[in-house]
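The structure under discussion appears below in the form of structure tokens.
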Ligand SMILES: [Zn+2]
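Okay, here's the thing in structure tokens:
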């Protein structure tokens, strides 16, 4: 064995690593020059209260790359706030020297270059590596994994034990040491600022990703944020790893680590082998942790196997093993102390509110209550019983779990490759047989043709191959025109493509027949076509053999045009791009009006009429946005309602509201200028002088008024808008301003104005009515100014927010229901308990208070920037406010 390897080394002129060879001694000497993280940073990683900041981490990784021939650093791009977003490619020097060859094998494993020949397939099994991506600390307050990565890299770069050699020889590690560099630095700075003060546990009052905070792990199908896109590119365009480990932290008082498998329900579109491998890897982690004497390892808990949207989990539909670890948290880097419990003897229940939480502002310095989950069982054989828990403990657990993942991948390399190959082969084979064989999106059949392009773009970012039909064709007896987008299921990521557009049916889980159904982990619906307002047609039978398909280039665009001649321009307002066009043209000084259209491409659609700008400006806007503009010499008969650029104030609480962040994202993407309003600015009043519309994102009414009053909160961020703020909002409306309330924020207006509207969601128990994220059918009054740009029948997103009945009001109040739920068959995708309560009820209400206005969005018009079909309703509320 040794002789033959030596011969090989001579043949290829490579330095294979022998424990006693001169080459290794030289490499060892070189690697010895690499300081340990402790030497480099001056403290042991994970020491109490000590954190390394991302910029310093990068310095260390650059040093490692120079010192070690086992590590290569690649910058994938810049984060949202312009920081380097990197991956470390770690493997034996021989592997790294031929890294493109191995990446090629991996691409072939995922059928990227067609079906491999038999010899290519055998080459993959024989020579391919187990490619494992490890992603750290997307949730920046979950600091452990990014800190751990420093020691992991040093270990892999310098250790010469046979086990590490085995990993380096058989695995290619793709380590993303931070999925959220911006947030990492924010959290470290915030922690250091408060360290040693009474505010050490004070929650950070802003989001740890500029726009989306914790929802950065909810973006893997809409793929809006650059971090999501860079990850998608690494995973589904560049490397195609077979295994993805994403490392998180959870609450502080229960199990010490969650490992896979996750819990029911499972998703029908994931191949069973993926679930099997999730379990195998998770159990390998658990076994390694047990062997290291660690307590409190749990699986089959909390996190469901159903949901799309999170990082590693989105890998399942891409035929990738996707692993989550969740380790118990400390208070950022400050240790926790927990009272000790008794094995098998849960403590008596404590009244609501009697428990100190792990992360809240008042989570005191005193010990946490004893653990309640102390019953040993199959998925939790050795429960955690309390005691001291430190950042170093988190890092130790994560190091063991990560190395176990890599060693298991090395041990099972060939089996892993063979079985993932089988999953990929079977996926393509199933698509060839049909049922379904494809889905078709015909852009010219859509109420909003541009939405079809947006849908294709998202699919392509996620690695799905999309084609256009070269000629008209018939499938399942249905005719399609040339140019229709076709997504064949005979492709490796067909499971993802299918799951992302079809209707979701969430299988209720009851642990016993008498037990209530368990709530889903996150949303239950993500049908992308519905969210975008695009009709998707599944084809059951095999596609016609004569059908010629052309691959769609990256980010396909509809060509914008200006047809006809004259200085009066008009275009159909059928979706969000219409609002972008309006904003650009208003900014260019145009006179812009909107009317309910008689003709146009989409009959009944609102029509935007533009005068007072040169053709070139209109042409630029049309070209950039893909608009079909008509030029004429005469204005249309009837009057268009003039539009003005709205002055928008967006309330930003100090409670780090994700919905506020998403709202900012949506406003910026659609070029609505806005001003952020904090408590002090709302309280200061005189709001009408500055704003036409003031917007409150989803937030409980009492939270808006009172904020976070916890004594552990830094004083400058305590409290809400207070009674002064409420009075200022009342004065704003009385002076003609428009309040736009989203989700739970509606209650503030309903309670404080008062309005002739009742929130029917209030008072319903969870057993009576519950929907943690469901796509609903809605009927929109397109004759109302808020209905412009929206289809008359479309889809809205509902997430346990209000829905309304109208009540007797003052004669001065003119109430319009802009969108309502149908009388039957309300749920379009996902899960809802208590549908009957919503039948025929109002989803969006506009109340003209003469002179002011209040708009209540019970449905969530901009939820996670996903609900694009309803974006225009939100935008219209600003336009209407500007002319109120
Ligand atoms: Zn997390």
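Numbering (this note's numbering), first residue to last: 125 to 1008.
Cβ atoms here follow ideal geometry from the backbone N, Cα and C, with glycine treated the same way.
In this structure, the C-beta of residue 803 stays at least 7 Å away from each heavy atom of ligand 1. Per DSSP, the continuous beta strand (DSSP E) segment holding residue 883 begins and ends at 881-883. The region 540-558 makes contact with the region 605-623, as at least three CB pairs between them are under 8 Å. For residue 771, the three-state secondary structure derived from DSSP is coil.
If you draw a straight line from the Cα of residue 428 to the Cα of residue 684, it comes to about 44 Å. The residue among 221, 797 and 774 with its C-alpha nearest the C-alpha of residue 805 is 774. Ranking 501, 266 and 292 by CA distance to the CA of residue 252 puts 292 first. Under the DSSP assignment, residue 694 falls outside any alpha helix (DSSP H), being part of the beta strand (DSSP E) whose first and last residues are 692-697. The alpha-carbon of residue 863 is positioned some 47 Å away from that of residue 472. Not one heavy atom of ligand 1 sits closer than 7 Å to the Cβ of residue 351. Nearest to residue 741 by alpha-carbon distance, out of 693, 728 and 767, is 693. Burial state of residue 967 is buried, judged by a 10 Å Cβ sphere holding 16 or more other Cβ atoms. Residue 467 is classed as exposed because its beta carbon has fewer than 16 other beta carbons within 10 Å across all chains shown.
Residue pairing by DSSP places residue 675 opposite 591 in a beta bridge. Set against 7 Å, the gap from the CB of residue 341 to the closest heavy atom of ligand 1 is smaller. Along the length of the region 427-456, whole beta strand (DSSP E) runs at least 3 residues long occupy 445-452, reported in chain order. In this structure, residue 407 has its beta carbon at no less than 7 Å from each heavy atom of ligand 1. Residue 767 and residue 327 have their C-alpha atoms spaced approximately 42 Å apart. Counting only unbroken stretches of 3 or more residues, the beta strand (DSSP E) elements lying wholly within the region 905-938 are 917-922 and 928-930, in sequence order. Per DSSP, residue 865 is one residue of the beta strand (DSSP E) stretching across 862-866. Restricting attention to 772, 690 and 749, the CA atom closest to the CA of residue 734 is found in 690. Taking C-beta atoms as the reference points, residue 620 and residue 648 fail to come closer than 8 Å. Here the alpha carbon of residue 285 sits roughly 59 Å from the alpha carbon of residue 889. Close CB contacts of residue 922 within its chain, under the 6 Å cut and outside five residues either way in sequence, are with 895, 898, 900 and 983 (chain order).
For residue 290, the shortest C-beta to heavy atom distance toward ligand 1 is 7 Å or greater. Membership of residue 388 in the beta strand (DSSP E) is indicated by the continuous run 387-390.
When distances are taken from the beta-carbon of residue 992 to the heavy atoms of ligand 1, even the shortest one reaches 7 Å or more. Rounded to whole angstroms, residue 186 and residue 290 show a C-alpha spacing of 25 Å.
For residue 952, the enclosing beta strand (DSSP E) stretches over residues 951-953. Between the alpha carbons of residue 180 and residue 264 lies a distance of about 16 Å. Distances from the alpha-carbon of residue 604 to those of 334, 661 and 447 put 661 closest.
Within the same chain, Cβ atoms closer than 7 Å to the Cβ of residue 532 are found at 405 and 408, the five residues on either side in sequence being excluded. The continuous stretches of beta strand (DSSP E) do not include residue 633, and DSSP gives it neither H nor E. Boundaries for residue 513: no alpha helix (DSSP H) harbours it, while the beta strand (DSSP E) harbouring it runs 511-513, taken from the DSSP string. The nearest non-hydrogen atom of ligand 1 is less than 7 Å from the C-beta of residue 373.
With contacts defined by Cβ atoms closer than 8 Å, residue 930 and residue 857 do not form a contacting pair.
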